[in-house]
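Numbering (the numbering used here), first residue to last: 496 to 600. Right, one structure below, let's go through it.
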Ligand SMILES: [Zn+2]
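Given below as structure tokens:
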């Protein structure tokens with residue numbers, strides 16, 4: 496297990512369907528913004544007609560196994576909204592590992 500990599504995972508669910516994607520933040524130390532964030536990666540797997548109905552959960556697992564900050568960044572928020580995802584259907588873990596619901600910048 497590489498413990499210098501912090502993984503952010505996004506799980507999208509709709510009915511019995513489930514899609515999962517990971518992001519490896521810091522995998523591109525010279526240009527971290529080029530890393531594909533999990534919430535964007537997972538959207539690419541979801542059929543277009545399902546996107547406005549999915550529930551998305553984004554969480555970060557720290558080295559010690561606890562949950563950490565995984566709030567979608569501004570770019571991802573805009574992307575998710577543009578794809579039709581509703582704010583109330585987006586859940587993410589904050590810096591204390593507590594689940595939060597919704598986004599409004
Ligand atoms: Zn992002």
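Positions of the beta carbon are idealized from the N, C-alpha and C atoms, including for glycine. Predicted model only: the values in this text are computed from it and were never measured.
Residue i CB to nearest heavy atom of ligand 1 below 7 Å
i	result
residue 571	yes
residue 568	yes
residue 532	yes
Cα-Cα separation between residue i and residue j, rounded to whole angstroms
i	j	result
residue 570	residue 552	17 Å
residue 590	residue 561	10 Å
residue 567	residue 504	11 Å
residue 510	residue 533	21 Å
residue 514	residue 537	6 Å
residue 542	residue 573	19 Å
residue 588	residue 598	12 Å
residue 531	residue 545	21 Å
Residues near residue i in its chain [Cβ-Cβ closer than 6 Å; skip 5 each side]
i	result
residue 586	552, 594, 596
residue 550	508, 584
Neighbour flag for residue i against chain D, beta carbons, 8 Å
i	result
residue 563	Absence of chain D from the displayed structure is noted, only one protein chain being present.
Own chain, CB closer than 7 Å to residue i, minus 5 neighbours either side, in chain order
i	result
residue 535	571, 574
Checklist entry - Three or more C-beta pairs closer than 8 Å, one from the region 554-562 and one from the region 577-584: is that the case here? => result With the cut-off at 8 Å, the region 554-562 and the region 577-584 do not touch.
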